[in-house]
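Chains as they are written, first to last, in numbering that gives the first Met the number 0: chain A, 0 to 308; chain B, 0 to 308; chain C, 0 to 308; chain D, 0 to 308.
There are 4 protein chains.
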Amino acid sequence: MKNHEVRKIMHVITRRGMTVNELVKEMSGSGVMGAGSLARAVDITEAMIKDKDCTVFLGQAGAMVPGGMREILIEMLESGWVDVFVTTGATLTHDLVEALGFSHYQGNADADDARLHREGWDRMYDSYMPNEVYPGIEDFLSPVLKGMVGREWTIREFLWEIGKNVKSRSLLKVCSEKKIPVFCPAISDSGIGLQVWGFIQKHKLMVSAFDDLKEILDIAWTAKKTGVIYIGGGVPKNYIQQAMQFSKQAAYAVQITTDRPEPGGSSGAPMREGISWGKLGYDAKHVDLFCDATIALPVMHAALKERIQ
Amino acid sequence: MKNHEVRKIMHVITRRGMTVNELVKEMSGSGVMGAGSLARAVDITEAMIKDKDCTVFLGQAGAMVPGGMREILIEMLESGWVDVFVTTGATLTHDLVEALGFSHYQGNADADDARLHREGWDRMYDSYMPNEVYPGIEDFLSPVLKGMVGREWTIREFLWEIGKNVKSRSLLKVCSEKKIPVFCPAISDSGIGLQVWGFIQKHKLMVSAFDDLKEILDIAWTAKKTGVIYIGGGVPKNYIQQAMQFSKQAAYAVQITTDRPEPGGSSGAPMREGISWGKLGYDAKHVDLFCDATIALPVMHAALKERIQ
Amino acid sequence: MKNHEVRKIMHVITRRGMTVNELVKEMSGSGVMGAGSLARAVDITEAMIKDKDCTVFLGQAGAMVPGGMREILIEMLESGWVDVFVTTGATLTHDLVEALGFSHYQGNADADDARLHREGWDRMYDSYMPNEVYPGIEDFLSPVLKGMVGREWTIREFLWEIGKNVKSRSLLKVCSEKKIPVFCPAISDSGIGLQVWGFIQKHKLMVSAFDDLKEILDIAWTAKKTGVIYIGGGVPKNYIQQAMQFSKQAAYAVQITTDRPEPGGSSGAPMREGISWGKLGYDAKHVDLFCDATIALPVMHAALKERIQ
Amino acid sequence: MKNHEVRKIMHVITRRGMTVNELVKEMSGSGVMGAGSLARAVDITEAMIKDKDCTVFLGQAGAMVPGGMREILIEMLESGWVDVFVTTGATLTHDLVEALGFSHYQGNADADDARLHREGWDRMYDSYMPNEVYPGIEDFLSPVLKGMVGREWTIREFLWEIGKNVKSRSLLKVCSEKKIPVFCPAISDSGIGLQVWGFIQKHKLMVSAFDDLKEILDIAWTAKKTGVIYIGGGVPKNYIQQAMQFSKQAAYAVQITTDRPEPGGSSGAPMREGISWGKLGYDAKHVDLFCDATIALPVMHAALKERIQ
């Protein structure tokens with residue numbers, strides 16, 4: 000490997016008033032460690048969004064809504080950057096909470112949790128949610144669930160139906176209005192799920208655990224090319240990864256996580272591991288970005304806005 | 000805080016031929032950092048198992064079966080230490096794979112993934128699974144799924160039914176035989192799920208996404224006391240945590256994870272955070288053990304075997 | 000804690016062409032998890048730089064020069080933002096390497112290390128240094144070291160002397176020219192140290208291991224107020240922390256690290272732990288930012304440039 | 000790679016009363032993830048200790064003494080398993096503290112640090128040190144330092160001299176009595192260093208920053224083979240690594256750390272990265288164990304005691 004085959008590291012130079020994308024370009028010129036991975040993540044995401052043949056799957060786990068990332072996620076869906084959204088019940092619940100007019104609050108990771116409990120605050124690291132949201136979710140969902148009785152639903156249909164009834168701008172509403180397939184295999188594992196629990200004590204609701212597989216595999220099969228973006232790991236990442244495995248290998252892959260690979264789980268596994276499974280193409284453009292997503296996402300989103308109309 | 004209120008750190012002393020429990024006792028005498036947390040994890044797990052009033056919920060995520068922990072998990076269920084098992088589709092799939100006579104293999108985390116793909120190896124860090132398992136799973140599951148047509152199933156019933164048909168000792172078989180409730184909200188997110196996908200192209204299978212909530216919440220409500228053990232985080236941890244939140248606060252909690260709390264997600268959250276949600280009692284005995292579970296579990300299991308008949 | 004005592008999380012909104020500082024302000028409005036900590040780190044750093052009574056100590060460990068951060072570090076010193084610089088021998092060596100006209104290169108973390116060795120590349124994750132630098136360092140340092148024979152040196156004086164002889168813009172030269180105290184307790188642990196090893200086979204060089212303590216403690220004692228910034232941990236962090244302990248508690252503290260606190264070491268310890276030692280004031284403004292420094296530093300530096308003339 | 004070239008994962012089986020080494024053997028049969036790495040770490044350490052041609056270098060950073068590992072470290076030196084010890088000033092200071100009759104105490108990582116400060120406790124995660132140790136260190140060291148005036152010392156000689164004066168069993172005393180070279184490049188960065196600071200206000204102490212390089216490089220050069228064990232990273236790891244780089248490649252390498260490689264620093268770098276530098280042989284037996292050392296060390300030490308007379 001002679002010198003001219005490797006590029007020099009151009010140290011990052013900052014300028015007063017520089018834009019976010021200009022900073023990411025500097026990181027690209029440096030090209031190594033976190034900065035290099037972040038710049039690469041923006042490049043690959045830009046490529047998969049601009050690639051007209053590419054169906055983009057976004058898998059998201061982790062406290063993004065309590066973490067202040069709600070607006071960014073909604074925009075990624077509204078702007079058409081993301082074609083398929085796979086997420087957790089927690090994200091959809093916190094999104095619904097805000098759509099119903101509640102807020103999340105800036106708290107303290109070292110707070111006295113017993114005192115928070117007495118005062119009605121549910122803590123997620125240094126983010127608080129007032130537990131008065133639960134009656135609010137119930138008041139909203141009860142009539143919606145009642146309207147669902149009598150037919151079978153896939154989880155995706157179930158979620159679009161909820162989104163149809165949400166009045167405020169939100170992840171659920173955007174997916175419903177713009178017909179963006181939203182999958183949440185573990186929807187029962189959430190505040191929304193717990194509301195359904197309350198409902199099904201007295202009513203029958205038929206929502207299928209498996210039928211969404213037909214829809215997501217169909218999308219993956221018919222796509223010309225696929226690109227994946229993972230914020231965190233968990234079920235969303237694996238659900239998309241297995242869709243890739245059983246259809247065609249992804250051509251683009253970006254992963255943002257703080258999980259470690261050594262324990263062997265899917266969440267911390269680097270993207271290249273998927274090549275062995277047939278989830279990722281041998282020549283796919285991929286990157287693993289080791290970074291808290293509440294730092295990476297804003298930087299990436301702002302930079303992408305400068306690059307994409 | 001005068002001196003006599005805190006205990007001295009008694010440095011760990013090892014002895015040739017000492018048993019695992021003797022080593023854990025030494026760690027207890029040291030009582031700080033990883034050693035202290037590991038010793039406390041054994042103490043609290045021992046306490047919740049020996050407490051006749053306590054219903055023990057085990058939530059497990061991560062590559063425990065590909066990680067060599069299958070026997071330990073099966074024994075924890077067989078021995079009656081665990082009353083409720085919540086896990087991932089991946090764990091149940093890998094368990095089924097071994098039950099069908101296949102094995103996982105010792106590989107290399109730095110392997111050439113394209114070469115592994117060509118040779119038919121699916122990599123999970125340094126653990127390999129031969130992809131010939133997929134036809135094997137299909138051959139086994141097809142008749143079982145056929146027999147499930149025509150009635151509705153909860154996921155727990157679905158899993159016991161599979162377990163009933165598994166001939167070899169396995170997690171699925173043990174849960175089925177000993178009537179241990181096994182919950183897997185995201186069962187569609189797995190190899191088993193993908194087999195179902197193949198099946199439902201031509202058949203109708205009615206498995207409910209939500210109905211298990213009635214069963215797990217019922218168990219949590221009727222339990223006199225509850226104890227939780229989390230190996231990894233993800234859906235299993237949250238599914239149990241929310242059951243605690245909507246029934247009674249857990250009295251014992253042990254978490255083994257390598258996830259970080261700063262990104263705010265549930266997986267890396269310390270147990271005490273659950274106090275704010277009402278998931279854990281103010282005076283609960285709890286510990287967060289920062290350790291790879293394939294190291295912690297064997298040590299804990301061997302030590303517990305010395306303490307529990 | 001009534002609602003009006005906590006602030007709502009204002010979700011981060013990105014705008015096309017927004018500056019880095021504008022993005023950080025958005026993160027401040029969100030105020031939680033990584034984004035909140037990053038915004039707070041910028042605020043506290045801004046405060047300590049603008050505080051005319053505050054002496055700012057920067058402790059830096061980790062591969063910042065091979066990581067493309069050299070220009071940013073030089074500017075932080077040149078601009079007068081940092082009053083005292085404590086670093087590792089590795090940083091000063093890599094800085095010298097670039098000052099002598101060599102470069103670091105963009106490589107691959109999954110490279111074949113044996114092949115890299117044969118080809119003369121020293122790897123630091125995905126950053127490469129050509130090992131032809133060693134003769135270069137020797138050619139430069141030999142005459143400088145020769146000129147140091149015959150008197151005693153503190154390490155700080157030793158480093159300023161090297162810096163005096165460096166022709167190109169560099170950390171060493173800036174510290175020397177602007178008389179910025181630069182401390183490196185473990186200078187022997189570095190490429191520069193190894194050059195000295197070669198030199199002292201035949202010559203006597205008297206550099207004191209301890210005498211710098213007088214200088215740094217004197218600076219800490221006479222400072223009206225102190226502020227500390229830690230990039231990584233190790234010796235630089237501890238050397239400054241102990242200076243705080245034995246003089247006055249720091250009033251401002253910012254830590255950027257990916258190290259964990261559970262193993263108990265100083266590197267991963269949160270800033271508040273220093274309060275117990277008297278290293279940090281009870282009311283000090285402090286933050287722990289869990290982030291790769293090659294991502295955090297550029298963002299912070301660009302944002303600070305908008306805030307500070 | 001046909002099946003017979005890879006080994007099956009034999010799931011870990013625990014037995015009541017099994018010894019620590021028996022458990023490690025089980026982990027070896029599983030051979031993957033943390034368990035596999037831990038087992039391999041024991042195997043490689045055993046090999047380098049039993050190899051009569053091998054000079055074993057132990058580099059140790061992190062809070063091992065406050066973490067209850069003092070006895071194990073002393074025994075590793077006493078038993079002749081370790082030929083060269085490179086450590087931090089913190090370890091030697093905490094060791095001296097205990098040698099002088101003080102103890103470390105079991106505390107709480109969530110303690111109120113301001114209260115601890117008022118009560119005189121210095122916190123290291125959940126380990127406490129009473130700050131009354133400082134006068135104790137001073138009383139002990141003053142006469143020893145006085146006796147050192149008037150000649151030049153290398154740091155290693157300085158440390159053996161202190162060890163000569165320590166009456167109780169300790170790391171310092173063992174190194175001194177058994178003439179085990181102990182290196183601590185950053186000795187000034189410690190409580191011992193701060194005592195020297197107090198001393199040199201009025202006295203002159205000549206301790207060389209660089210001269211130890213001659214001794215450690217000489218040991219590395221004359222060794223037939225070298226093996227390295229790293230507990231944590233920092234200066235100890237790098238000081239040994241560079242000695243390997245400038246003498247002969249190590250034949251055995253074991254690293255126990257929780258640091259991450261992505262930020263690019265030496266501390267989290269995997270052992271194989273050293274192959275590119277010539278620090279590790281192409282065919283060296285090496286392993287990276289991702290584990291808290293207060294868990295790994297006791298397990299490894301107990302297992303090794305069964306294997307080594």
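Where a beta carbon is used, it is the ideal one built from N, C-alpha and C, also for glycine.
The beta-carbon distance between G190/B and I154/B, rounded to whole angstroms, is 15 Å. This is too long to meet the 8 Å contact definition. If one requires a minimum length of 3 residues, the beta strand (DSSP E) runs lying completely within the region 223-254 of chain D are 224-230, in chain order. A distance of 8 Å or more separates the beta carbons of K247/A and S265/A. In the DSSP assignment, the residues bridged to E151/B are M205/B. Contact check for T225/A against A250/A passes: the beta carbons are separated by less than 8 Å. Runs of the beta strand (DSSP E) spanning 3 or more residues and lying entirely within the region 100-167 of chain C occur at 120-123, 126-129, 151-153, in chain order.
Contact between the region 278-287 of chain C and the region 37-51 of chain C is present, with at least three C-beta pairs closer than 8 Å.
Between S102/C and chain A, the shortest Cβ-Cβ separation is below 8 Å.
For T257/D, the chain C residues whose C-beta falls within less than 7 Å of its own C-beta are R259, P262, listed in chain order. Nearest CB-CB separation between M270/D and chain A: not below the 8 Å threshold. Where D291/B is concerned, there is no enclosing beta strand (DSSP E), because DSSP gives it neither an H nor an E. Here the alpha carbon of L212/A sits roughly 16 Å from the alpha carbon of T92/B. Taken atom to atom, the span from the alpha-carbon of K163/C to that of K145/C is near 14 Å.
Chain A has a Cβ within less than 8 Å of the Cβ of F245/B. Among the CB atoms of chain D, none fall inside 8 Å of the CB of G28/A. The three-state reading of DSSP puts G273/D in helix, counting H, G and I together. Along the region 49-70 of chain C, the positions whose C-beta sits under 9 Å from a C-beta of chain D are A60, G61, A62, M63, P65, G66, read in chain order.
In the DSSP secondary-structure assignment, T92/D is not bridged to any residue. Assigned with DSSP and collapsed to three states, Q194/A falls in helix. Taking a C-beta distance under 8 Å as the contact criterion, M68/B and T18/D do not qualify as a contact pair. Nearest CB-CB separation between V234/D and chain C: below the 8 Å threshold. Residue state for V55/B is assigned as strand, using DSSP reduced to three classes. Going by beta carbons, A62/B and T13/D fall outside the 8 Å limit. The region 17-90 of chain B contains, as complete alpha helix (DSSP H) runs of 4+ residues, the segments 19-29, 32-49, 69-77 (chain order). In this structure, A113/B lies near I274/A, with their beta-carbon atoms less than 8 Å apart. Within the DSSP secondary-structure output, V181/B pairs in a beta bridge with F84/B. When the Cα atoms are used, G231/A and G197/D turn out to be separated by approximately 51 Å. The three-state reading of DSSP puts R6/C in strand, counting E and B together. When beta bridges are read from the DSSP output, K284/C appears opposite Y251/C.
For M123/A, the CB contacts under 7 Å within the same chain, skipping 5 residues up- and downstream, are A62, P65 in chain order. Checking the DSSP bridge columns, you'll see T256/C partnered with F289/C.
Taking C-beta separations shorter than 6 Å and ignoring five residues to either side along the sequence, the partners of W159/A in its chain run S175, following chain order. Residues V11, A34, G35, L37, A38 of the same chain have their beta carbon placed closer than 8 Å to that of M26/A, with the five preceding and five following residues left out of the count. Under the Cβ distance rule, F84/B does not count among the residues neighbouring chain D, no pair being separated by less than 8 Å.
Chain-ordered listing is empty here: chain B has no CB closer than 7 Å to the CB of W159/A, the nearest sitting near 15 Å.
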